[in-house]
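Enquirer: Residue numbers 64 to 356, in the working numbering, belong to the letters of the sequence shown in order. No residue lacks a Cβ here, since even glycine has one placed at the ideal position from N, Cα and C. As the structure is a prediction and not an experimental result, all values here were calculated from the model.
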Amino acid sequence: MDVMHHQIHQVINKYDEALTKAETRKYILSIQVSLNGFSFSLFNSETNKFLSIESVSLKYVKNTTDVCSLIKSFCAEHSWMNQEFESVRIIFESSKSTLMPAPLFEESEKDVYSKFNFTVPEDHEVFYDKLSNLDAFNLYIVPGQLNKTLKEIFPSHHLISQSGVLIESLLIINKNLSSRKRAFVNVRNSYLDIIITDGRKLLYYNAFQYKISEDFMYYVMFVFEQLHLNPEEIEMVLSGYIDRNSKLFDIAYKYIRNIKFQPYTDSFQYSYIFNDVPAHYYFNLLNVNLCEL
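1. Should Ser-104 be labelled buried (16 or more other beta-carbon atoms within 10 Å of its own) or exposed?
2. What did DSSP end up calling Ser-108 once you bin it into helix, strand or coil?
3. State yes or no: is the C-beta of Phe-101 within less than 8 Å of the C-beta of Ile-91?
4. Excluding sequence positions up to five away, which residues of its chain have a Cβ less than 6 Å from the Cβ of Lys-323?
5. Who does Thr-260 pair with in a DSSP beta bridge?
6. Let me check understanding here. Comparing Cα to Cα, which of Lys-159, Leu-194 and Asn-210 lies closest to Ile-134?
7. Quick check on Glu-298: does DSSP put it in helix, strand or coil?
8. Just the C-alpha distance for Ile-259 and Val-248, rounded to the nearest angstrom, thanks.
9. Between the Cα of Glu-156 and the Cα atoms of Asn-76, Tyr-345 and Ser-309, which residue gives the shortest distance?
10. How about Phe-179 and Phe-200: are their beta carbons less than 8 Å apart?
11. For Ala-81, report the span of its beta strand (DSSP E) as first-last.
12. DSSP three-state label for Met-64, please.
13. Thinking C-alpha only, which one of Asn-252, Val-351, Asn-352 and Ile-336 is nearest Tyr-78?
14. My parser needs the beta strand (DSSP E) runs of 3 or more residues fully inside the segment 268–337; what are they?
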C-alpha cells in the first residue's frame, strides 16, 4: 500500500459538507481517466449542483497494467467510489480519435474507419460517440485492459471520449454566440486540443502532442496559418492545465493578444468549494452532463 501512495499524488480534494452517502442515488459520478491521472466530481441532479471535486496524478507508471492496478487500489480505499449512483459517466483521454459524418457511419465498419486514420494497437478497442450537435461520430481507442478494469469497478458506467465531450460542450455552450471564428485550446498533460468554431459550426478539431512551450505554440500558429486566422484579431479561449503564470501562457500571449480563460458554465450551480478552483481547469469533467453522449 505504501507503494501505491508513493505513486498517487493528490492534486485537489474538495467536498461540500452537504454531501451525504445516504443520498448518492441522486448523484451523478463523473470521472475523467488518462494514463497519467484521473479526476472525479459528484453532481446532485435534484439541485443541479456540483458538490465535490477530486483529482490525482499517477507517478512512475510504466504501462496500462500499472494504471489499472492503481485505479483499483484507489477506488477500493475511497469510500465515495463504492456507492450506488444515479449514473456513472467516465471520460477517457484517448491519444487517438477521428470524426466521421453520421450519414457515412456504419457501426460494423468502425475498426476499418479507425485504421484509415491511426494505428490501432492489438490490445486496444475502438469505441465511438454520437455527437448530436455535430451530426457526426467520434471514433477513439481505449486499452482493452483498462476497459475491462472500469467495467469491473463500475459495471453500469457509460464511457465517453474526452474529445467528444470537449467538442460537444463547446458547441452547446456557444450555440447562441454571434457568427464569427473563435479558437479554443484545451491543455492536457503533454497534449493540446485545438478547436475552431464559427457560430454553431465546427470548422476544425485536432489534438497534438507537445513537450515544450515552443512545440505548443508551433501547433497553435500552424492551425491559424492553415485556416487563415489572424492572431491579432481572433479570440482564443483556454481550458485545461494552464494559467497566467505558466510558460505556455507567456508564449501564447506574445503572439495572440485576445486570450481569455473558459468560465464556469452557467447551466449548473457550484458549491462554495469551487470558489478557489479555476473554472477552466476541469472543463470536460464539469460539462459532461451537458452532452447527450
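Expert: This is what the structure gives:
1. buried
2. coil
3. no
4. Val-300
5. Arg-245 and Leu-265
6. Asn-210
7. strand
8. 9 Å
9. Tyr-345
10. no
11. Ala-81 -> no beta strand (DSSP E), and no H or E assigned at all.
12. Low confidence applies here, because Met-64 scores a pLDDT of 45, under 50, leaving its location unreliable and the question unanswered by this model.
13. Ile-336
14. 298–303 and 322–324
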